[in-house]
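Trainee: Structure in structure tokens, see below.
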Amino acid sequence: MEIGIIAEEYSDLDVLHELTAKIVDVRRFSFGRKFIAHGCGKLRKKCRVWAEILIKKGCRHLIVLHDLDNNSQDELRTFLNRSVADLNFSGYIILIPKHEIEAWLLVDANALKKVFGMSKMPSVPSSPELILEPKEKLEEIVRKYSGKQYFNSIHNRIIANRLEIRLLKRKCLSFADYPSFINRIFS
Amino acid sequence: MFIKKMQFKNYKSCLDTTFKLDPNLSVLIGPNSSGKTNVLTAMLLLHKLLQERHFPQEEADDQYTVQCKIKVWFDLNGKEIIFSAGLNTYVAEENRDVIVSSKQRWYLKDITGDSKWITVPLWVLLEMKSRSGLQIRWPIHFLRRSKKTTEADVKIFNKAFGPLSYVAEYISGMKYYSASQFTNPSRCPISFEIEVGRKRSRGSGRSPMRFLSDLYNQSKDKDKSKYNDYFEVIGPSGMRLVDDIIFKEITTSSTEVSVRSGGKIHKRKLKKILVVPKFKIDKHKLSPNQLSEGTFKTIALLFYLMTEIGSILLIEEPEVCIHHGLLSSIIELIKSYSRGKQIIVSTHSDFVLDKVNVESVYKVTKKANEGTKVSHLTKSMTKKELAALRHYLNNEGNLGEYWRQGALDTSYGNWNNSRRV
Ligand SMILES: Nc1ncnc2c1ncn2[C@@H]1O[C@H](COP(=O)(O)OP(=O)(O)OP(=O)(O)O)[C@@H](O)[C@H]1O
Ligand SMILES: [Mg+2]
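In the order they appear, the protein sequences are chains A and V.
If you use our numbering, the first sequence closes out at 285, no skipped numbers anywhere.
If you use our numbering, the second sequence closes out at 1554, no skipped numbers anywhere.
Here it is, written out as structure tokens:
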């Protein structure tokens, strides 16, 4: 099934693809129809236009992915909702990782251990959404426990591929609705 | 440690150029010929001063040399170390800078408490690292040889010895990557020979040949971790540039004959390995000269980025020959590295600008009578300009298009009088 995606970066798309493949068979969906904004202002500005184009291209479902960063949760959600709500999608979801998508990658110590070949189980925050700069936090953990350099554009996908979705659902409210959204589409 | 501020006088288009640098990432933008490359090559003069021996010389010998000045403010854990050098230089073939003589001085008040300039050339600092035992005595011997050096200078130097060797180490880790170094893979040899027991094969500078032998040597290193980390990034689990790198090795031997005076013949058996590198892509095994330009350039750039321990990296136009998807990963990589070392990038790409923090951007401009000027983008804006830019970035679009649309061109009232930024 073609799901239209609007995201800020390619690596966000990578993460979402890996996570989605944990919920539904990877052969049943494709993320080929997408718009990558390379910045948050651009995403806000273009969200509606891009969503319209995705409909024209035949997408019946839409995912909008935008890091919370320093924005206000309510304001951002309302804004993005308003941009796409009246368009003719069968279903859409607005995902706002708090504060960045890397928070989602901090949920599973075991996944990090495996991906980076750590000798010890790393200690990860119990509430990753409270971390203001999860990218930096992840970098710090990776350096501390493996001595390696973390690269978001390379490692995000690999970590997402390994992590336990159950932990993600429990620890990150910003992700909690996503599995049921995907299940609904494919039921 | 990082370089917080620099000043160049009378170096190429840098007639009188002073600017601050970001401890992490600084991105230079500006029109062709504004002096971005000159700023980077001026920084490389520091590296040259460290590597080559120059003795202070009072006067330049002829009209061919140009006198220029460099001043650098280093930050060592919040303490300032100032380096100042007067150089006599000329430009040789391939636009290479040659330093004929230099006078190099240090101001170390934050370290020693003395407000006095002392004369110590950078190469002396490097030398003392390689001469264990003599470490401290040797440069002092050098200092004493200079007639103007007093006992007080020697005392200051003694106190500052540790911090100065940090500075020397920092400069020796300076690396420069230009867009053209690795483009045109067809120039690349398809095999190379190395002598057993010798680390490096022939091949100079950053030629494609040198890259291949460096890559080979790294893959043979006892400590596999660096090579593995590198391959993880470029290989199938990372950027998917290549599926595998294979080195076929053929051992050959030959005899080297040399004749000594008196007719005595000296023979030496040489064992050599012919190395044939192959890059596996989509089931094809390709020689290096068959790789695409962007692939070749990226695997070379990332190799040096990831395996060399550099303290400060100067990267020219990383966007050349690179598809935006890959470029996006490369910029993210550069950003990650810049949290651990100082990186300076020059670029013409609005896409690169989209990916970096606006606080990292510096504008480079040039006017005939003033020469090259470097200014921090947001700090040189008025409050209103800055507010407008922030609004744009939060609600309307990205920095790159703001730039492309001409909106960053605010430094001059009439753009006809100056080139557009
Ligand atoms: N030896 C020199 N003496 C004086 N000026 C010089 C000298 N060499 C170069 N220049 C000046 O510097 C300019 C080139 O600057 P530079 O190569 O740094 O530009 P750039 O900003 O890197 O441009 P591009 O974007 O095209 O690479 C020349 O146009 C020339 O005016
Ligand atoms: Mg240039």
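Where is the CB? At the ideal position from N, CA and C, for every residue including glycine.
1. Where do the ends of the alpha helix (DSSP H) carrying E238(A) lie?
2. Kindly confirm or deny that the stretch 1401-1419 of chain V and the stretch 1314-1329 of chain V touch, where touching means at least three C-beta pairs closer than 8 Å.
3. Taking 8 Å as the cut-off, does the stretch 1360-1369 of chain V touch the stretch 1422-1439 of chain V (at least 3 CB pairs, one atom from each stretch)?
4. Any idea what DSSP makes of L1148(V), helix, strand or coil?
5. Specify the secondary structure class of P1341(V) as computed by DSSP and reduced to three states.
6. F284(A) to I101(A), Cα distance in whole Å?
7. Looking at the structure shown, is Q1196(V) part of a helix, part of a strand, or coil, going by DSSP?
8. Can you name the start and end residues of the alpha helix (DSSP H) that D112(A) belongs to?
9. Quick check: V205(A) and V182(A), are their CB atoms within less than 8 Å of each other?
10. Kindly list the residues whose CB is nearer than 8 Å to the CB of Y1299(V), restricted to its own chain and excluding five residues on each side of it in sequence; keep chain order.
11. Using a 10 Å radius around the Cβ and a threshold of 16 neighbouring Cβ atoms, would you call V1205(V) buried or exposed?
12. Find out if the Cβ-Cβ distance for the pair W202(A), C138(A) is shorter than 8 Å.
13. Taking 7 Å as the limit between beta carbons, can you name the residues of its chain near T1385(V), skipping five residues before and five after?
14. Is any heavy atom of ligand 2 found at a distance shorter than 7 Å from the C-beta of K233(A)?
15. Would you give the residue range spanned by the beta strand (DSSP E) that Q1475(V) belongs to?
16. Kindly list, in the order they appear in chain V, the residues whose Cβ is closer than 7 Å to that of G139(A).
17. Strictly under 8 Å for the Cβ-Cβ distance: is H164(A) near chain V by that measure?
18. Are I1304(V) and H1399(V) touching if we call contact CB-CB under 8 Å?
19. For the stretch 1454-1469 of chain V, which residues have a beta carbon sitting closer than 7 Å to at least one beta carbon of chain A?
20. Should L1148(V) and L1178(V) be called a contact, given that it needs their Cβ atoms to be closer than 8 Å?
21. Indicate, with yes or no, if ligand 2 has a heavy atom lying under 7 Å from the CB of G1479(V).
22. Quick one: using the 10 Å Cβ neighbour count with 16 as the cut-off for buried, is Q171(A) buried or exposed?
23. If we call anything under 8 Å between Cβ atoms a contact, is F1152(V) one with Y1495(V)?
24. Kindly indicate if chain A contains any beta-carbon less than 8 Å away from that of R1472(V).
25. Closest to D1243(V) by C-alpha separation, out of N1228(V), K1292(V) and V1257(V), would be which residue?
26. With DSSP as the reference, identify every bridge partner of V1485(V), one or two as the case may be.
27. Should D184(A) go down as buried or exposed, given a rule of 16 or more other Cβ atoms within 10 Å for buried?
28. Any chance the CB of T118(A) is under 7 Å from a heavy atom of ligand 2?
29. What residue does the alpha helix (DSSP H) around P1296(V) start on, and which one ends it?
30. Which residues of chain V have a Cβ atom closer than 7 Å to the Cβ of K246(A), listed in chain order?
31. Using only the heavy atoms of ligand 2, determine whether one of them is closer than 7 Å to the beta carbon of E1452(V).
32. Among all residues, which have a Cβ less than 5 Å from at least one non-hydrogen atom of ligand 1, and in what chain order do they fall?
33. Answer with buried or exposed for S225(A), where buried requires no fewer than 16 other C-beta atoms within 10 angstroms of its C-beta.
34. Below 6 Å CB to CB, which residues in the same chain sit around I256(A) once its five sequence neighbours on both sides are set aside?
35. Which class does K1512(V) belong to by DSSP, given the choice of helix, strand or coil?
36. Would F249(A) count as contacting chain V if we go by Cβ distances under 8 Å?
Mentor: Taking the geometry as given:
1. Counting from 1 along the first sequence, the entry for residue 238(A) is found at position 140. Where E238(A) is concerned, the enclosing alpha helix (DSSP H) stretches over P232 to S244.
2. yes
3. Between the stretch 1422-1439 of chain V and the stretch 1360-1369 of chain V, the count of Cβ pairs shorter than 8 Å is three or higher; the stretches touch.
4. Here residue 1148(V) corresponds to residue number 15 of the second sequence, with the count starting at 1. Three-state DSSP puts L1148(V) in a strand.
5. Locating residue 1341(V) in the second sequence gives position 208, where the first residue counts as 1. It is helical.
6. What you label residue 284(A) is simply residue 186 of the first sequence in a count that begins at 1. What you label residue 101(A) is simply residue 3 of the first sequence in a count that begins at 1. The straight-line gap from Cα to Cα measures roughly 11 Å.
7. Counting from 1 along the second sequence, the entry for residue 1196(V) is found at position 63. If DSSP states are grouped into helix, strand and coil, Q1196(V) belongs with coil.
8. In the first sequence, counting from the first residue as 1, residue 112(A) sits at position 14. It spans Y108 to T118 - the alpha helix (DSSP H) in which D112(A) sits, taken as one unbroken run.
9. Indexing the first sequence from 1 puts residue 205(A) at position 107. Indexing the first sequence from 1 puts residue 182(A) at position 84. No, the pair does not count as a contact, with Cβ atoms beyond the cut-off.
10. Working through the second sequence from its first residue, we reach residue 1299(V) at position 166. M1134 and L1209.
11. Numbered from 1 along the second sequence, position 72 holds the residue referred to as residue 1205(V). V1205(V) should be labelled buried.
12. On the first sequence, residue 202(A) is found 104 positions in, with the first residue counted as 1. On the first sequence, residue 138(A) is found 40 positions in, with the first residue counted as 1. No. Outside cutoff.
13. The count along the second sequence starts at 1 and reaches residue 1385(V) at position 252. Only K1405 and L1407 meet the Cβ criterion.
14. By one-based count along the first sequence, residue 233(A) stands at place 135. K233(A): no, Cβ never under 7 Å from ligand 2.
15. For the purposes of this step, residue 1475(V) is identified with residue 342 of the second sequence, where counting begins at 1. Q1475 to S1479 is the span of the beta strand (DSSP E), which, as asked, contains Q1475(V).
16. Translated into the one-based positions of the first sequence, residue 139(A) becomes position 41. Within 7 Å Cβ-Cβ: Y1525, L1526, N1527, N1528, E1529, G1530 and N1531.
17. By one-based count along the first sequence, residue 164(A) stands at place 66. By this cut-off, H164(A) is not an interface position.
18. Taking the second sequence and counting its residues from 1, one reaches residue 1304(V) at position 171. Taking the second sequence and counting its residues from 1, one reaches residue 1399(V) at position 266. Going by C-beta atoms, I1304(V) is not nearer than 8 Å to H1399(V).
19. Answer set for the stretch 1454-1469 of chain V: G1458, S1461, S1462, E1465, L1466 and S1469.
20. Locating residue 1148(V) in the second sequence gives position 15, counting from the first residue. Locating residue 1178(V) in the second sequence gives position 45, counting from the first residue. No, these two residues do not count as a Cβ contact at 8 Å.
21. If you number the second sequence from 1, residue 1479(V) lands on position 346. Before going further, note that residue 1479(V) is Ser rather than Gly in the sequence given. Yes, the Cβ of S1479(V) comes within 7 Å of a heavy atom of ligand 2.
22. As a first step, residue 171(A) must be located in the first sequence, where it is residue number 73. Answer is exposed; the Cβ neighbour count stays below 16.
23. Counting from 1 along the second sequence, the entry for residue 1152(V) is found at position 19. Counting from 1 along the second sequence, the entry for residue 1495(V) is found at position 362. It is a contact, given that the beta carbons lie within the stated cut-off.
24. The residue given as residue 1472(V) occupies position 339 in the second sequence. Chain A, which has a Cβ nearer than 8 Å to the Cβ of R1472(V), makes this yes.
25. Counted from its first residue, the second sequence places residue 1243(V) at position 110. Minimum Cα distance to D1243(V) is reached at K1292(V).
26. Numbered from its first residue, the second sequence carries residue 1485(V) at position 352. The partner list for V1485(V) (beta bridge, DSSP) is empty, contrary to what the question assumes.
27. To locate residue 184(A), count along the first sequence from 1; it is residue 86. It is exposed - the Cβ of D184(A) has fewer than 16 other Cβ atoms within 10 Å.
28. Sequence index remark: in the first sequence, residue 118(A) carries index 20 (1-based). Flag unset: Cβ of T118(A) not near ligand 2.
29. Locating residue 1296(V) in the second sequence gives position 163, where the first residue counts as 1. E1284 to S1305 is the span of the alpha helix (DSSP H), which, as asked, contains P1296(V).
30. In the first sequence, residue 246(A) corresponds to position 148, counting from 1. In chain order: D1362.
31. For this step, residue 1452(V) is matched to residue 319 along the second sequence. No; taking the cut-off as 7 Å, the Cβ of E1452(V) has no heavy atom of ligand 2 nearer than that.
32. K1145(V), S1146(V), N1165(V), S1166(V), S1167(V), G1168(V), K1169(V), T1170(V) and N1171(V)
33. Counted from its first residue, the first sequence places residue 225(A) at position 127. The residue in question, S225(A), is exposed, as its Cβ has fewer than 16 Cβ neighbours within 10 Å.
34. As a working mapping, residue 256(A) is identified with position 158 in the first sequence. Once the five neighbours on either side are set aside, the close Cβ partners of I256(A) are V213.
35. As a first step, residue 1512(V) must be located in the second sequence, where it is residue number 379. Reduced to three states, the DSSP call for K1512(V) is coil.
36. Position 151 of the first sequence holds residue 249(A). For F249(A), the answer is yes, since a Cβ of chain V falls inside 8 Å of its Cβ.
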